[in-house]
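Input: a single structure, listed below in structure tokens.
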Ligand SMILES: Cc1cc2nc3c(=O)[nH]c(=O)nc-3n(C[C@H](O)[C@H](O)[C@H](O)COP(=O)(O)OP(=O)(O)OC[C@H]3O[C@@H](n4cnc5c(N)ncnc54)[C@H](O)[C@@H]3O)c2cc1C
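In this note's numbering, the protein residues as written are 132 to 483.
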């Protein structure tokens, strides 16, 4: 198993429960990957038709798998000791559970067993089934430039530094194909430099109010938010000069609520962090930068997580789930991680 984040730990926990002898190699110096930094909301669309409509270019069989299995897999997480902190996503179109990500990481690491920190998987072992769960390629500027945007150098990284496309490279070398949507990513608009943003600020400093703002690039060209997740706006900003945009909010929109915060709260957080914020009469203008959290394209897999002979991919390494839109990366990682482990063990082999 490569990667001790959401997909890798779920896969290892599943494999061990089935009696396998599993080693989880982890490139970073801690467990949990992006999962540990996340808001911990593991969700699906309430209606499958909405999933299809919002992510129209995704593989229907993968979307069906996530949709059908998620509720059972959420219950499984709780049997391992995961602590649910909310049972409502706050979005009427979706359903899911928010977990405390520290407790989630700890209980999954316990269930996964043999996790080896600071040991990246560099080559595929011969003759040993391998599940790739290295978290996609958001941290590789070269791959982001190749697939996502020529402005890769300006894009902020809102995740760990370790997901550099190792799974994609290894799977491709083994004969796997890329999924659809290699140019798509999940991310957020964040306060622009000189704002200082630490890992612990990734959730708190997100500027999630494009729908209440006039969004322009540095040339004054406008873009409006077409989705509730605002992922379309963030992907657009990522391709503008300097991956920069200006969010102008009129006074009457500052009180609007987005989840648990108001627009004014988010603006104030950006200002405190040191982002350029200007007043124009009663309006406020915040400079933001696109930040990449996870890539949405990756290795093409089937509904058993198979990528190539003897090789499975799960989590952000497996593309084709949210293509064309946005769906929960934690949910896809949980479901495909478990499915891949079960399939890898179907022949009774030990997994590495
Ligand atoms: C701030 C933030 C908020 C988020 N909020 C949410 C949310 O509320 N809901 C949601 O669904 N998603 C959310 N996400 C996204 C979610 O965290 C990811 O979609 C999910 O963690 C993907 O799981 P994964 O296992 O593919 O990757 P990760 O959890 O990142 O795990 C990948 C692991 O692989 C390791 N690795 C990389 N290369 C190698 C290698 N060669 N060998 C061994 N190990 C390797 C990495 O170090 C990492 O530990 C958020 C992410 C962030 C950063």
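Heads up, the beta-carbon is just placed ideally off N, CA and C, and yes, glycines get one too.
Check, Outcome
"CB-CB length for residue 330 against residue 168, believed under 8 Å", "6 Å"
"Own chain residues within Cβ distance below 7 Å of residue 521, not counting five before or after", "The chain is shown only over 132 to 483; residue 521 falls outside these bounds and no answer can be derived."
"Identified DSSP bridge partners for residue 291", "Answer is none; residue 291 lacks a bridge partner."
"DSSP beta-bridge partners of residue 154", "245"
"Extent of the continuous alpha helix (DSSP H) to which residue 278 belongs", "272-278"
"Proximity below 8 Å, CB of residue 464 to CB of residue 132", "no"
"8 Å contact criterion, which residue 379 and residue 344 should meet: CB distance rounded", "6 Å"
"Closer than 7 Å: residue 157 CB and nearest ligand 1 heavy atom", "yes"
"Residue 379: CB within 7 Å of a non-hydrogen atom of ligand 1", "no"
"Any non-hydrogen atom of ligand 1 closer than 7 Å to residue 93 Cβ", "Outside the displayed span of the chain (132 to 483) sits residue 93, for which this structure offers no information."
"For residue 156 and residue 480, the rounded distance between their alpha carbons", "Residue confidence for residue 480 is low, a pLDDT of 46 falling below 50, so the modelled location carries little weight and cannot support an answer."
"Minimum length 3: unbroken beta strand (DSSP E) runs contained in the stretch 215-243", "215-217, 225-230"
"Under the three-state DSSP convention, the category residue 371 falls into", "coil"
"Rounded separation between residue 437 and residue 404 - CA only", "44 Å"
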